[in-house]
Amino acid sequence: MFTSKLFRISVKILIWIFIACLDRYNLSIALLGIEKDMDINGSEVKILALTGFLIGYTFANFWRYFEN
Numbered sequence: 000m001f002t003s004k005l006f007r008i009s010v011k012i013l014i015w016i017f018i019a020c021l022d023r024y025n026l027s028i029a030l031l032g033i034e035k036d037m038d039i040n041g042s043e044v045k046i047l048a049l050t051g052f053l054i055g056y057t058f059a060n061f062w063r064y065f066e067n
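Read in order, the letters of the sequence shown correspond to residues 0 to 67 in numbering that gives the first Met the number 0.
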């Protein structure tokens with residue numbers, strides 16, 4: 000049972016979902032501190048966080064194209 004392909008794929012997907020949830024929760028908590036430290040309003044913080052997330056997401060998903 001634990002060696003089936005479906006089980007291995009399911010476990011990987013569950014781990015990815017768990018990490019994505021942790022990332023969202025941490026970001027929502029950190030945004031309050033970022034707002035105070037950088038003295039910027041809510042919309043600017045959201046743009047900054049979204050930009051950082053998208054850059055990281057791009058490199059995480061397309062790293063194999065940048066290797067060579």
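All C-beta atoms in this analysis are idealised placements derived from N, C-alpha and C, irrespective of residue type, glycine included. Bear in mind the structure is a predicted one, so any value in this text is a computation, not a measurement.
Limits of the unbroken alpha helix (DSSP H) element including I33 = 4-37
Local conformation of N40 per DSSP, three classes = coil
Whole-angstrom Cβ separation of L26 and A48, contact assumed at under 8 Å?
-> 6 Å
Assumed close pair L30, V44 - CB separation to whole angstroms, cut-off 8 Å = 5 Å
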